[in-house]
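**Q** My structure is below; once you've seen it, I'll send some questions.
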Amino acid sequence: MRSALGYLAIAVGTAGSVLGIATLGAGLHLRRDSLLRAGRRYVGVVFVAAICAFAIMESALFAHDFSIKYVAGNVARATPGLYTFTAAWAALEGSILLWVLALTGYLAVTTWHFRARATDPLVAWATIVALGVTLFFFALMLGPANPFEELSRVPVDGTGPNPLLQNHPLVAFHPPMLYLGYVGFTIPFSFAVAALITGRFGEGWLADVRRTTLVAWAFLTVGIILGAWWSYEVLGWGGYWGWDPVENASLLPWLTGTAFIHSVMVQERRGMLRVWNISLVLATFCLTILGTFLTRSGVVESVHSFSESSIGPWLLAFLGVVALGCVALISWRADKLRSPGRIDSPVSREAAFLVNNLLFAGFALVVLTGTVFPLLAEAFQDRRLTVGEPYFERMGVPIGIALLFFMAVGPLLPWRATSGDVLRRRLLVPAWVGAITLVVLVVAGADGVAQVVAFSLGAFALTSIGRTVVIGIRARRRARAESVPVAAVRMVRGNTRLYGGLIVHVGVVLVAVALAASQGYVVKREVTLTEGESATVRGYTLTYLGTEIDRSPQKTTVKALVDVEGLGEYAPAISTFPNSRGGIGTPSVHTGFREDLYLTLISSPNETGTVTLGVQVNPMIVWLWIGGGVMVLGTIVALIPARRRSRVPVTSESPESPDSELVEAVEVAT
Amino acid sequence: MSRVRVVALVVGAIVVAFGVVLALNVDSGSPTTDGGFVGKRPDYSVRTLDGDLLASDELVGKTVVVNFWNTWCIPCIDEAPALDAFYEEHKDDPDLVFLGVVRDDTESAVTAYVTEYDVGWQIAMDPDSRTALSFGVTGQPETFVVGPDGVVAAEQRFRVSVEDLEAMVQAAGGGTS
Numbered sequence: 000m001r002s003a004l005g006y007l008a009i010a011v012g013t014a015g016s017v018l019g020i021a022t023l024g025a026g027l028h029l030r031r032d033s034l035l036r037a038g039r040r041y042v043g044v045v046f047v048a049a050i051c052a053f054a055i056m057e058s059a060l061f062a063h064d065f066s067i068k069y070v071a072g073n074v075a076r077a078t079p080g081l082y083t084f085t086a087a088w089a090a091l092e093g094s095i096l097l098w099v100l101a102l103t104g105y106l107a108v109t110t111w112h113f114r115a116r117a118t119d120p121l122v123a124w125a126t127i128v129a130l131g132v133t134l135f136f137f138a139l140m141l142g143p144a145n146p147f148e149e150l151s152r153v154p155v156d157g158t159g160p161n162p163l164l165q166n167h168p169l170v171a172f173h174p175p176m177l178y179l180g181y182v183g184f185t186i187p188f189s190f191a192v193a194a195l196i197t198g199r200f201g202e203g204w205l206a207d208v209r210r211t212t213l214v215a216w217a218f219l220t221v222g223i224i225l226g227a228w229w230s231y232e233v234l235g236w237g238g239y240w241g242w243d244p245v246e247n248a249s250l251l252p253w254l255t256g257t258a259f260i261h262s263v264m265v266q267e268r269r270g271m272l273r274v275w276n277i278s279l280v281l282a283t284f285c286l287t288i289l290g291t292f293l294t295r296s297g298v299v300e301s302v303h304s305f306s307e308s309s310i311g312p313w314l315l316a317f318l319g320v321v322a323l324g325c326v327a328l329i330s331w332r333a334d335k336l337r338s339p340g341r342i343d344s345p346v347s348r349e350a351a352f353l354v355n356n357l358l359f360a361g362f363a364l365v366v367l368t369g370t371v372f373p374l375l376a377e378a379f380q381d382r383r384l385t386v387g388e389p390y391f392e393r394m395g396v397p398i399g400i401a402l403l404f405f406m407a408v409g410p411l412l413p414w415r416a417t418s419g420d421v422l423r424r425r426l427l428v429p430a431w432v433g434a435i436t437l438v439v440l441v442v443a444g445a446d447g448v449a450q451v452v453a454f455s456l457g458a459f460a461l462t463s464i465g466r467t468v469v470i471g472i473r474a475r476r477r478a479r480a481e482s483v484p485v486a487a488v489r490m491v492r493g494n495t496r497l498y499g500g501l502i503v504h505v506g507v508v509l510v511a512v513a514l515a516a517s518q519g520y521v522v523k524r525e526v527t528l529t530e531g532e533s534a535t536v537r538g539y540t541l542t543y544l545g546t547e548i549d550r551s552p553q554k555t556t557v558k559a560l561v562d563v564e565g566l567g568e569y570a571p572a573i574s575t576f577p578n579s580r581g582g583i584g585t586p587s588v589h590t591g592f593r594e595d596l597y598l599t600l601i602s603s604p605n606e607t608g609t610v611t612l613g614v615q616v617n618p619m620i621v622w623l624w625i626g627g628g629v630m631v632l633g634t635i636v637a638l639i640p641a642r643r644r645s646r647v648p649v650t651s652e653s654p655e656s657p658d659s660e661l662v663e664a665v666e667v668a669t
Numbered sequence: 000m001s002r003v004r005v006v007a008l009v010v011g012a013i014v015v016a017f018g019v020v021l022a023l024n025v026d027s028g029s030p031t032t033d034g035g036f037v038g039k040r041p042d043y044s045v046r047t048l049d050g051d052l053l054a055s056d057e058l059v060g061k062t063v064v065v066n067f068w069n070t071w072c073i074p075c076i077d078e079a080p081a082l083d084a085f086y087e088e089h090k091d092d093p094d095l096v097f098l099g100v101v102r103d104d105t106e107s108a109v110t111a112y113v114t115e116y117d118v119g120w121q122i123a124m125d126p127d128s129r130t131a132l133s134f135g136v137t138g139q140p141e142t143f144v145v146g147p148d149g150v151v152a153a154e155q156r157f158r159v160s161v162e163d164l165e166a167m168v169q170a171a172g173g174g175t176s
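In the order they appear, the protein sequences are chains A and B.
Going by numbering that gives the first Met the number 0, the residue at position 235 of the first sequence is 234; the numbering climbs one at a time, nothing skipped.
Going by numbering that gives the first Met the number 0, the residue at position 34 of the second sequence is 33; the numbering climbs one at a time, nothing skipped.
If you want it as C-alpha cells, here you go:
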C-alpha cells in the first residue's frame, strides 16, 4: 500500500515536472502570459509530491514495512528512532528522494520570491531548467532508483543501516546540510542557463541569484565541516579529512562556488568577467553532479561507498548532456558575452579577485585531477592506484597559503587602481603584525615552514580585517555622535555584505590556523596497558581502569575505561553490529581550546587483560569547528538585507579636506 | 573563431574524453574465474538443516555450488529467483550439489524462510563462520563453484544470475544438463 502510494507521489512529481516544462515552454513560444503564470503552479505540485513521497518513506521506515526493499535494507527492528529517521538518506534511493525534496523546496521558494515576475522570460526559462533537473531526479526514482520498490519475499527483520551510519547523531545533520548545499546550486545554474538562452547576461541575473548562491554555499560549508567533524568523532582515525574521493567531490563545487561569490562582485561593479562567472556557475553545478556520480556509481574506491548501484550510467549521461549543453550555450553566445570593462591596474581589488579566482580554480583542478587520476590510470594502463594525501598536500598547501595572502590583501585594495602611498599606509600595520608573528615563531623555534607561514599570514589577515573595522567605526563616530557598539552595529547593518564577508574571512583564518596546527604538531602514540597500569603521553597520564561491555539488540559495545589525570574518565570503545563483521571504533575525546586528547581503543582486552589504546594529541582542532561556525555566522550577516548604503558624510562635520581614513572607509565600504 | 569559442570547443572535447573514461569504469560485476579464492582448496564440513553431514572430502568428484546468504540480506532476496531457476534446472543432476550456507542469522528465521519459500536445496548454518572463513568470504551473497577436483573454479562476490551460475559451473567442467 505504502509502496504504491509512494510510487504514485513520484509519478505525480514526474508528471508535474513535465507539464510545468511544457506549459512554460508553450507560454514562452506563444508569448502568452497566462500560460507562464499557469506553468509556475506546477512547481507547487512538484513540491507537494516530493513532500508526500518523503513522508511516506518515513512512515514506512517507522512502521518497519519490510515489503519495501529500501526499508528492509536500511532499518532493523533494533534500530533506534533517530537512526530509523536518518535511514531515509542512508542509501542511494532515499538520498535521491531527499535530494528531490530539497530541490523542489528551493524551487518553490524561488518561484514564490519571483511571483511578481512570473511573466519575465528569464524567470520562466530558469524555472524550466530547474524543473528539467527535477524531472531527471524524479525519473531516476521512477526507474532505476525507485525507493518504493517491493521485495518478492518479505524478510522478518531488516538489515539495519550501515554501522557507520548508526553510530553518531551527526549523521542526522551532515548529509542533509551537504545536500542543501549541492542542490542549492541548481538555482544559480538555472538562472545562468536562462541568461544565456535569453541573451540577458548583463548583471541582472547575478543580483537575482546572489542570495540563493550564498545560502547554498553556506549549507555546503556547514555540510563539509560537519563531515569533517563526523569523520573525527566517528571514524576514530584521529583525522578529519582524508582526501577521500567523496570528500573531494564535496570540496570541488565549494571551491568553484567560493570563486564565484568573489568574482561576481567584479562583474557587478565593473561589468567584467562575464564568461568566467557564467562558467563558474555552470561548472559548480556540473561538479555537484560529478560528485553524485562518483559517490554513487562505485567507480572510485571510497569510504563512502554505502550503496553502489546501477544509476551510474544515468548520472553520467545527465552530466554529459548538461556539460556539453553548457559548453554549446557559451559558445553560441560567445560574441555577446564579451565584457565591456578591463582591468586597469594589477594592484586593484578586481585584480586581487582575479588572482583569487585563478587560485580557487587551480585548487579545484588539482583536486579534480587527484580524484579522477586513478580512473585515467586504470583506463589507460589497466592498474589500480590511489592518489594519496602527499599529492594533495604538496599541491594544496602552497595554493592555500597564497589564498590566505590574497584574502588578507584583497579587501584593502581600492577598485580600479591605487598608488604606492595608499597601499603602504593600508598594509603597514597588518604587515608589521604578520612579520612580528613570523619572527616570534621562528625565534621560539616553531617547526614547519607551512605552519609558520600560515600563522603569520593569519595574523596579517586578522589585523587587516581589524583595521578595516576600526577605521569604519572611527569614520562613523566622527560623522555622528554614536557610541562604539552602536556605531559598530549600524556600520554592519549598513553594509552587511562587506562586514559579513569579513566575518567569513575571520572564520577562514581560524580554520587555516587550526588546519596548520593540527596537521603539523600532532602527537600519535600507541600504549598497551594492563588493568591499573599507567602511561604518560605528552603530559597526560592515563590509567587503564578496566573494561565495560554494553549489549543491546542494535550493537555490542566494548569500552575501555581510562582515567586521565586531572581530566576525569574517558571510554574509547569498539562496537560490533549484527549486520557487519568488523568492529566500529568510537573515539573518546577531551576537547580543549589549545588541544584535544583523542583516545581510541585499538584492541579489546585479550586473555592477559591488556588493551592497546591509541593516544593522539591534536592541537587546536576545536578552532576548526569554531571557524566553521564563524564562517556560517558571517554568511548569515551577509544575507541580511543592508538597511541603507552607508555613505559616510564627508561634508558638514568635516569641512576641511577629507583625510585618508575617511576616504578609505568610504572606499572599502563601497 | 572567437577565443571563447575555441576554449569552449577544447572544454567540450575534454568533457567527452572524460565521459568516455568514466563510462569505461562503470563496473559490470561479472563472476570471475581468476584471482580471489579461485584455485584454492576449501576445507569444510557442515551439517544441513535436514541433519546430513556434508564435508569437502566426501564431495570430491562432484561439482559443488556454494551460496552464502541469509534472510535479512536484500541482495540475497534479489538473487533468490535466479537460484530457484538454476536449482530447478539441475536438481536431478547427480554430479551437482547445491549448498546454501547461512551467515549471521538465526536458525528459526532460516527455517521459516526455507519453509515459506519452499527452498529445495541443502541449507546449512555456519554458526562459528568456519565455512565462510574456509572460502575467504567477505559478505553475502557470495557464490563459489568447487570443481570435482575440490578446487574453487569460479566465484561471484555479489548477486548471481542464472547465466552467471551456468558459466561458473561450465568453468568447473560440470553440470551440462
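Where is the CB? At the ideal position from N, CA and C, for every residue including glycine.
Being a predicted model, the structure only gives us computed values, none of them experimental.
Which of the residues in the segment 333–347 of chain A, read from start to end, lie with their CB under 7 Å from any CB of chain B?
**A** Cβ contacts with chain B come from 333, 334 and 336.
**Q** Of the choices A:18, A:51 and A:530, whose alpha-carbon is the least far from that of residue 35 of chain A?
**A** It is A:18.
**Q** For a contact defined as C-beta to C-beta under 8 Å, what are the partners of residue 517 of chain A on chain B?
**A** Within chain B, no residue comes near residue 517 of chain A; the closest Cβ sits about 34 Å away, beyond 8 Å.
**Q** With a cut-off of 8 Å, do at least 3 Cβ pairs link the segment 176–191 of chain A to the segment 143–153 of chain A?
**A** These segments do not touch.
**Q** Could you name the residues of the same chain whose beta carbon sits closer than 7 Å to that of residue 552 of chain A, not counting the 5 residues immediately before and after it, in chain order?
**A** 77, listed in sequence order.
**Q** Quick check on this structure: which residue in A:65, A:408 and A:12 has the alpha carbon closest to the alpha carbon of residue 44 of chain A?
**A** For residue 44 of chain A, the nearest C-alpha among the options comes from A:12.
**Q** With respect to the beta strand (DSSP E) encompassing residue 611 of chain A, which residues constitute its N-terminal and C-terminal limits?
**A** Per DSSP, residue 611 of chain A belongs to the beta strand (DSSP E) from 610–618.
**Q** Leaving aside the five residues before and after residue 674 of chain A along the sequence, list all residues of the same chain whose C-beta is less than 8 Å from its C-beta, in chain order.
**A** Only positions 0 to 669 of chain A appear in this structure, which leaves residue 674 of chain A out of reach.
**Q** Leaving out five residues before and five after residue 508 of chain A in sequence, what residues of the same chain have Cβ atoms less than 7 Å from its Cβ?
**A** Once the five neighbours on either side are set aside, the close Cβ partners of residue 508 of chain A are 457, 460 and 461.
**Q** For residue 100 of chain A, which residues of its own chain have a beta-carbon under 6 Å away from its beta-carbon, when the five flanking residues on both sides are left out?
**A** Correct list, in chain order: 49 and 53.
**Q** I need the straight-line Cα distance from residue 542 of chain A to residue 572 of chain A, nearest angstrom please.
**A** Near 15 Å, if we compare the C-alpha coordinates of residue 572 of chain A and residue 542 of chain A.
**Q** At what residues does the beta strand (DSSP E) containing residue 572 of chain A begin and finish?
**A** Counting along the chain, the beta strand (DSSP E) containing residue 572 of chain A begins and ends at 572–575.
**Q** Go ahead and label residue 305 of chain A buried or exposed: buried means 16 or more other beta carbons lie within 10 angstroms of its beta carbon, across all protein chains shown.
**A** With a pLDDT of 46 at residue 305 of chain A, under the threshold of 50, the modelled position of that residue is not reliable, and the figure given next carries that caveat. Looking at its Cβ environment, which holds 16 or more other Cβ atoms inside 10 Å, residue 305 of chain A is buried.
**Q** What's the C-alpha gap between residue 408 of chain A and residue 224 of chain A?
**A** So the alpha carbons of these two residues sit roughly 26 Å apart.
**Q** What does residue 70 of chain B touch in chain A if you count any residue whose Cβ is under 7 Å from its own?
**A** Near residue 70 of chain B (Cβ distances below 7 Å), the residues of chain A are 154 and 155.
**Q** Between which two residues does the alpha helix (DSSP H) holding residue 89 of chain B run?
**A** Here the alpha helix (DSSP H) through residue 89 of chain B covers 73–89.
**Q** Specify the secondary structure class of residue 59 of chain B as computed by DSSP and reduced to three states.
**A** Here residue 59 of chain B sits in coil by DSSP.
**Q** Measuring CA to CA, which of A:280, A:276 and A:362 is closest to residue 250 of chain A?
**A** For residue 250 of chain A, the nearest C-alpha among the options comes from A:362.
**Q** Going along chain B in order, which residues have a C-beta closer than 9 Å to the C-beta of residue 71 of chain A?
**A** Those are 71, 73 and 76, listed as they occur along chain B.
**Q** Quickly, what does DSSP pair residue 589 of chain A with across the bridge? List them, please.
**A** According to DSSP, residue 589 of chain A bridges with A:596.
**Q** How big is the Cα-Cα spacing for residue 525 of chain A and residue 241 of chain A?
**A** Going from the Cα of residue 525 of chain A to the Cα of residue 241 of chain A covers about 21 Å.
**Q** Between which two residues does the beta strand (DSSP E) harbouring residue 202 of chain A extend?
**A** Here residue 202 of chain A belongs to no beta strand (DSSP E), and DSSP marks it neither H nor E.
**Q** So residue 424 of chain A and residue 347 of chain A are supposed to be a Cβ contact under 8 Å. How far apart are they, rounded?
**A** Not a contact, Cβ separation roughly 16 Å.
**Q** Quick check on the DSSP output: what are the complete alpha helix (DSSP H) runs of length 4 or more inside the segment 342–411 of chain A, in order along the chain?
**A** Runs of the alpha helix (DSSP H) inside the segment 342–411 of chain A: 348–380 and 388–408.
**Q** How many angstroms separate the CA atom of residue 156 of chain A from the CA atom of residue 107 of chain B?
**A** Approximately 12 Å between the Cα atoms of the pair.
**Q** Within 7 Å (strictly less), CB to CB, does residue 11 of chain B reach chain A?
**A** With 7 Å as the cut-off, residue 11 of chain B counts as an interface residue toward chain A.
**Q** So that I know if they touch, is there some Cβ in chain B lying closer than 7 Å to that of residue 147 of chain A?
**A** Not one chain B Cβ lies under 7 Å of residue 147 of chain A.
**Q** What does a CB cutoff of less than 7 Å around residue 58 of chain A pick up in its chain, not counting 5 residues either side in sequence?
**A** Within the same chain, residue 58 of chain A has close Cβ partners 1.
**Q** Residue 500 of chain A and residue 626 of chain A: beta carbons closer than 7 Å?
**A** No, they are not a contact pair.
**Q** What residues from the segment 50–68 of chain A come within 7 Å of chain B, judged by C-beta to C-beta, listed N to C?
**A** Residues 68.
**Q** Can you give, in chain order, each stretch of the alpha helix (DSSP H) that sits fully within the segment 80–127 of chain A and has at least 4 residues?
**A** Within the segment 80–127 of chain A, the complete alpha helix (DSSP H) runs of at least 4 residues are 80–85 and 91–112.
**Q** DSSP beta-bridge partners for residue 602 of chain A?
**A** Residue 602 of chain A is bridged to A:611.
**Q** Taking all protein chains shown into account, decide if residue 273 of chain A is buried (16 or more other Cβ within 10 angstroms of its Cβ) or exposed.
**A** With 16 or more Cβ atoms within 10 Å of its Cβ, residue 273 of chain A is classed as buried.
**Q** For residue 642 of chain A, which of helix, strand or coil comes out of DSSP?
**A** Here residue 642 of chain A sits in coil by DSSP.
**Q** So which residues of chain B does residue 187 of chain A contact, with C-beta pairs closer than 9 Å?
**A** The premise fails here: residue 187 of chain A is roughly 19 Å from chain B at the closest Cβ pair, so nothing lies under 9 Å.
**Q** With a Cβ-Cβ cutoff of 7 Å, do residue 123 of chain B and residue 151 of chain B count as a contact?
**A** No, the Cβ-Cβ distance between residue 123 of chain B and residue 151 of chain B is not below 7 Å.
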